[in-house]
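Engineer:
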Amino acid sequence: MLQNFLVEEGTVCHFNISDSVQDGLCCGSGFGFYELCYGDNSSNSSYLIAEGAQFDSADSVTFRALSNSTLSAAGLVPIKIIFLLDSSPAQTSFSRKCGSDVLIDNIGSLIDHDDVPIERT
Numbered sequence: 006m007l008q009n010f011l012v013e014e015g016t017v018c019h020f021n022i023s024d025s026v027q028d029g030l031c032c033g034s035g036f037g038f039y040e041l042c043y044g045d046n047s048s049n050s051s052y053l054i055a056e057g058a059q060f061d062s063a064d065s066v067t068f069r070a071l072s073n074s075t076l077s078a079a080g081l082v083p084i085k086i087i088f089l090l091d092s093s094p095a096q097t098s099f100s101r102k103c104g105s106d107v108l109i110d111n112i113g114s115l116i117d118h119d120d121v122p123i124e125r126t
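If you're matching positions, the sequence shown starts at 6 in my numbering and goes up one per residue.
Written as C-alpha cells, this is what we have:
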C-alpha cells in the first residue's frame, strides 16, 4: 500500500504505526515493513526518513519536512509512506499529523486484499 501527500516546508510531522496484537509487521504474522520517504510515486528519486518492521505495539517517528530542490515545488514537500503488510493487516493502524492535517486509519480497512502493491525503494 502506498500513501502520497504534500506538506508545507518546515512543518513538523508525527507518524505512528501500531499493531493490536503487539507483534509489529514482522515476524509473528508473516513479513511486512513500512518506509517513510521524501518523494512521491511520480519522482524517480526518494530519500528515506525512517523504516521499520520489528516493533511491539507501536513505532513512532517525528520529523520536519525539509525542502529538496529536486523534489519540492512551491514550498510543498512530497512525502510517501510505503506499507508491505503482514498476513494480518486488520491488526495494524497508523496515524500521521503534519501541522493541522491529521489522518488516523486502520490499514486493513484501506486495502484491497487481492491487489496489495509491493514496492521497495
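Using N, Cα and C, we set each Cβ at its ideal position, and we do this for glycine too.
Here's the rule: buried if 16 or more other CB atoms are within 10 angstroms of the residue's CB, otherwise exposed. What is residue 26?
Structural biologist: In the sequence shown, counting from the first residue as 1, residue 26 sits at position 21. Looking at its Cβ environment, which holds fewer than 16 other Cβ atoms inside 10 Å, residue 26 is exposed.
Engineer: Assuming contact is defined by CB atoms lying nearer than 8 Å, are residue 51 and residue 39 in contact in what I supplied?
Structural biologist: Position 46 of the sequence shown, counted from the first residue, corresponds to residue 51. Position 34 of the sequence shown, counted from the first residue, corresponds to residue 39. Against a cut-off of 8 Å, the Cβ pair of residue 39 and residue 51 comes out as no contact.
Engineer: What are the boundary residues of the beta strand (DSSP E) that residue 94 is part of?
Structural biologist: Residue mapping note: residue 94 aligns to position 89 of the sequence shown, counting from 1. Element bounds for residue 94: n/a, residue is neither H nor E.
Engineer: In terms of residues, what are the limits of the beta strand (DSSP E) holding residue 11?
Structural biologist: On the sequence shown, position 6 is the one that residue 11 refers to. Note, residue 11: beta strand (DSSP E), 7 to 13.
Engineer: Between residue 37 and residue 90, how many whole angstroms is the CB-CB distance? I'm expecting something under 8 Å.
Structural biologist: Walking along the sequence shown from the start, residue 37 turns up at place 32. Walking along the sequence shown from the start, residue 90 turns up at place 85. Indeed, because the Cβ distance is near 5 Å, the residues count as touching under 8 Å.
Engineer: From the DSSP output, read off the bridge partner residues of residue 5.
Structural biologist: Shown here, the chain extends from 6 to 126; a query on residue 5 therefore has no answer.
Engineer: Can you check which of these residues, 28, 55, 34, 65, is closest to residue 19 by C-alpha distance?
Structural biologist: The sequence position of residue 19 within the sequence shown is 14, counting from 1. Residue 19 has its Cα closest to that of 65, out of 28, 55, 34, 65.
Engineer: Just to confirm the assignment, what range does the beta strand (DSSP E) spanning residue 64 have?
Structural biologist: Numbered from 1 along the sequence shown, position 59 holds the residue referred to as residue 64. Judged by DSSP secondary structure, residue 64 falls within the beta strand (DSSP E) whose first and last residues are 63 to 69.
Engineer: Smallest Cα separation from residue 28: which of 105, 97, 104, 102?
Structural biologist: Working through the sequence shown from its first residue, we reach residue 28 at position 23. The shortest Cα separation from residue 28 among 105, 97, 104, 102 belongs to 97.
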